[in-house]
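Residue numbers (the numbering used here): 7 to 569.
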């Protein structure tokens, strides 16, 4: 921002003097000028000079910055300057040498300050004689472009916490047929095991049940990783073939029509490692280390056999279970149809699981219907945080931020560490300018599916930390991101960002006009202001009072747009 220099003139009829001279500072400058809102405050650094031999030795001068706007004024903290012989407390000004006047004025921003003026108010006193001098204007204010950053659903979208509904859930059931060493004969004891009985029952159930279907049947033949590769390959293949023929015969008897997929593993090293890891065999870590060191099957087998102390235990406890064929059934468990779920959500919601109910809300585009369903979820499943979060999301989309915050608070009681709920609570706090709470929530939102970059960029811009905002936004193409670029005086980037906004609105065009004003592009000002007021008539009043367009206020073309 630029500085402004004013010569403070003496207007008062009664002026305190010493040796016939005035006591006010001269050549007052203000930085920035015009004033600008940063965060929620307007701050001005005011400096000036007390000329030599003009500040009376017994004078007291109180200077109060005053920001005047339509309907009111705001006063900053006063500063007192005193002459060399004055008895009051204050900053001493030498009569002979003069002195420096410096003051930082801070005002809490209110929207009416967008069209305002900064004055200095003087009260001078010598002894018992006090004179209030006329207020002197020293700057215009306030550039309020930073306040175009908003935490609405258009700029920071709330995040739904989704259902986990799956139409088809797959269940897997397995059974092993074990074989004697170097054999592939199917034994009755294996075929009549409880595992096999359970598998046959599951196959029949999957074939006949209305809500189930056989997805896949597999038969895999294995050999343990001992002995030579040729023998193991032959054994694994024979075990698979015989097991598959047996299963096909059982399917035919049960009148089940299903294809069988086959697979063969000649040496089951993966099964061997898994069994070793689950065992309590002494020196198992040594065996596992051998598996990690050697990849060649023959070398692995030789090294393990060299561990004579442990190999006998391996041969007795691990290898027999690897001489097998594995029968694997994958069943599709088919859930309710969309029509069934939608009907039950209205008529009998307790017949649905929480995920089915949450899924029901996705079957309608009517937010009122969604709200009714999420409310039902909160009543039927009050311990599930997702309903409260999604209710808050719908309130936020409607602009009912207070209601949204209450709903997000309930969700946080149930899931305080959930990143999506913390993200939503954070953007709702931003919408109410509760920056401390917003920062606290967003700090816990890492991992959210929401647009955390946009939220953090908005937070930093609202706080007035434009450098951090730039980093947070990255390449986001939103109105808020463009505001940050304007405040960082990166006007080329702002133009590009505004051109990429997915759904441009009145604010998009208004910001483009601001960029035009700041870069002295008169045509860009007029062209974009026309679009802005076409999209929202409220932009007329804003433009009339916006100091960004001060130098265009009296142009006929400008007046034609905003009148």
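The C-beta atom is built at its ideal place from N, Cα and C for all residues, glycine as well. Treat the numbers as computed from the prediction; the structure is a model and nothing was measured.
* **Where residue 413 sits in the DSSP three-state scheme** => Taking the first residue of the chain shown as 1, we reach residue 413 at position 407. The answer is helix: DSSP assigns residue 413 an H, G or I state.
* To do: State the Cα-Cα distance for the pair residue 323 and residue 349, rounded to the nearest angstrom.
  => Reading the chain shown from its first residue, position 317 is the one you call residue 323. Reading the chain shown from its first residue, position 343 is the one you call residue 349. Going by the C-alpha atoms only, they are around 56 Å apart.
* Apart from the five residues on each side of it in sequence, which residues of its chain come closer than 6 Å, Cβ to Cβ, to residue 568? -> Residue numbering aside, residue 568 sits at position 562 when the chain shown is read from its first letter. Around residue 568: 546, 549, 550.
* From 420, 518, 325, 378, pick the residue whose C-alpha is nearest to that of residue 186; which is it? -> What you label residue 186 is simply residue 180 of the chain shown in a count that begins at 1. Checked all of 420, 518, 325, 378; the closest Cα to residue 186 is 325.
* Asked: Using the C-alpha atoms, what's the distance from residue 160 back to residue 449?
  -> Working through the chain shown from its first residue, we reach residue 449 at position 443. Working through the chain shown from its first residue, we reach residue 160 at position 154. The straight-line gap from Cα to Cα measures roughly 22 Å.
* In terms of residues, what are the limits of the beta strand (DSSP E) holding residue 227? -> The sequence position of residue 227 within the chain shown is 221, counting from 1. Taken as a continuous stretch (DSSP letters only), the beta strand (DSSP E) holding residue 227 covers 218-228.
* residue 2 versus residue 157: straight-line alpha-carbon distance, rounded -> Look at the range of the chain in this structure, 7 to 569, and you will see that residue 2 is not part of it.
* Rounded distance between the beta-carbons of residue 339 and residue 220, thought under 8 Å -> The sequence position of residue 220 within the chain shown is 214, counting from 1. The sequence position of residue 339 within the chain shown is 333, counting from 1. Not confirmed; about 11 Å, so no contact.
* **Contacts around residue 132, its chain only, beta-carbon distance under 7 Å, and the 5 residues preceding and following it disregarded** => Counted from its first residue, the chain shown places residue 132 at position 126. Answer for residue 132: 22, 62, 64, 65, listed in chain order.
* Asked: Quick one, are the C-beta atoms of residue 169 and residue 363 less than 9 Å apart?
  -> The sequence position of residue 169 within the chain shown is 163, counting from 1. The sequence position of residue 363 within the chain shown is 357, counting from 1. Contact flag set, yes.
* Asked: With a CB to CB cut of under 6 Å and the five nearest residues on each side skipped, what residues in its chain are close to residue 3?
  -> Summary: the structure shown does not reach residue 3, with the chain confined to residues 7 through 569, and so no result is reported for it.
* To do: Using three-state DSSP, classify residue 249 as helix, strand or coil.
  => For the purposes of this step, residue 249 is identified with residue 243 of the chain shown, where counting begins at 1. Looking at residue 249 - three-state DSSP - the assignment turns out to be helix.
* Meets three-Cβ-pair contact criterion under 8 Å: the region 533-541 and the region 508-517 -> yes
* Candidates 296, 327, 509: which alpha carbon is nearest residue 312's? -> To locate residue 312, count along the chain shown from 1; it is residue 306. Comparing Cα-Cα distances from residue 312 to each of 296, 327, 509, the minimum goes to 296.
* Are three or more beta carbon pairs between the region 260-273 and the region 227-247 nearer than 8 Å? -> yes
* Whether residue 428 touches residue 464 by CB criterion (9 Å) -> Taking the first residue of the chain shown as 1, we reach residue 428 at position 422. Taking the first residue of the chain shown as 1, we reach residue 464 at position 458. Going by C-beta atoms, residue 428 is not nearer than 9 Å to residue 464.
* So what's residue 10 in DSSP terms, helix, strand or just coil? -> Against the chain shown, residue 10 aligns to sequence position 4. For residue 10, the predicted structure reports a pLDDT of 45, less than 50, and the residue's modelled location is therefore unreliable. A value from the coordinates is still provided. Looking at residue 10 - three-state DSSP - the assignment turns out to be strand.
* Is the region 391-399 touching the region 373-381, taking contact as three or more C-beta pairs under 8 Å? -> yes
* Asked: What residues match up with residue 402 in a beta bridge as DSSP calls it?
  -> The residue labelled residue 402 in the question sits at position 396 within the chain shown. Residue 402 is not bridged to any residue.
* To do: Using a threshold of 9 Å, state whether the C-beta atoms of residue 139 and residue 50 are closer than that.
  => Within the chain shown, the letter at position 133 stands for residue 139. Within the chain shown, the letter at position 44 stands for residue 50. No. Outside cutoff.
* With a cut-off of 8 Å on the beta carbons, I'd call residue 266 and residue 223 a contact; round off their distance for me. => Here the question's residue 266 lines up with position 260 in the chain shown. Here the question's residue 223 lines up with position 217 in the chain shown. Indeed they touch by this definition, with Cβ atoms about 5 Å apart.
* To do: Rounded to whole angstroms, what's the CA-CA distance from residue 557 to residue 424? Just pull it up for me.
  => On the chain shown, residue 557 is found 551 positions in, with the first residue counted as 1. On the chain shown, residue 424 is found 418 positions in, with the first residue counted as 1. Using only the alpha carbons, I get a separation of about 50 Å.
* Express the C-alpha separation of residue 283 and residue 327 in angstroms, rounding to a whole number. => Within the chain shown, numbered from 1, the residue matching residue 327 stands at position 321. Within the chain shown, numbered from 1, the residue matching residue 283 stands at position 277. So the two alpha carbons sit approximately 14 Å from each other.
* Asked: Since residue 130 sits in a beta bridge, which residues does DSSP pair it with?
  -> For the purposes of this step, residue 130 is taken as the residue at position 124 of the chain shown. Paired residue(s): 67, 137.
* To do: Evaluate residue 58 with the Cβ neighbour count: other Cβ atoms within 10 Å of its Cβ, from every protein chain shown; 16 or more gives buried, anything less gives exposed.
  => Along the chain shown, one-based indexing puts residue 58 at 52. With fewer than 16 other Cβ atoms within 10 Å, it is exposed.
* Among 495, 189, 531, which residue has its Cα nearest to the Cα of residue 239? -> On the chain shown, residue 239 is found 233 positions in, with the first residue counted as 1. Ranking 495, 189, 531 by Cα distance to residue 239 puts 189 first.
* Asked: In chain order, what residues of the same chain lie with their CB nearer than 7 Å to the CB of residue 309, ignoring the 5 residues before and after it?
  -> Position 303 of the chain shown, counted from the start, is the residue given in the question as residue 309. Here the set comprises 296, 300.
* To do: Pair every Cβ in the region 481-493 with every Cβ in the region 190-197, then say whether three or more of these pairs are closer than 8 Å.
  => no
* To do: Determine the direct distance from the alpha carbon of residue 525 to that of residue 483, and round the result to whole angstroms.
  => Numbered from its first residue, the chain shown carries residue 483 at position 477. Numbered from its first residue, the chain shown carries residue 525 at position 519. Each residue's Cα considered, the two are about 21 Å apart.
* To do: Tell me whether residue 404 is buried or exposed, calling it buried when 16 or more other Cβ atoms sit within 10 Å of its Cβ.
  => Numbered from its first residue, the chain shown carries residue 404 at position 398. Answer is exposed; the Cβ neighbour count stays below 16.
* To do: Can you give me the Cβ contacts of residue 281 inside the same chain, cut-off strictly under 8 Å, excluding the 5 residues immediately before and after it?
  => Translated into positions along the chain shown, residue 281 becomes position 275. Excluding positions up to five away in sequence, the list reads 324, 327, 328.
* Asked: Going along the chain, which residues of its own chain have a beta-carbon closer than 7 Å to the beta-carbon of residue 370, five neighbours each way excluded?
  -> The count along the chain shown starts at 1 and reaches residue 370 at position 364. Only 376 meet the Cβ criterion.
* Measuring alpha carbon to alpha carbon, tell me which of 421, 115, 473, 248 ends up nearest residue 45. => Within the chain shown, numbered from 1, the residue matching residue 45 stands at position 39. The option with the nearest alpha carbon to residue 45 is 115.
* Output the boundary residues of the beta strand (DSSP E) element that contains residue 269. => The residue given as residue 269 occupies position 263 in the chain shown. Where residue 269 is concerned, the enclosing beta strand (DSSP E) stretches over 266-271.
* Beta-carbon contacts of residue 475 that lie in its chain and below 6 Å, excluding the five residues immediately before and after -> As a working note, residue 475 is residue 469 in the chain shown. If we look at residue 475 and ignore the five residues flanking it on each side, its Cβ neighbours are 463, 466, 467, 490.
* Which stretch, first to last residue, makes up the beta strand (DSSP E) that contains residue 558? -> Your numbering for residue 558 matches position 552 in the chain shown. Residue 558 -> no beta strand (DSSP E), and no H or E assigned at all.
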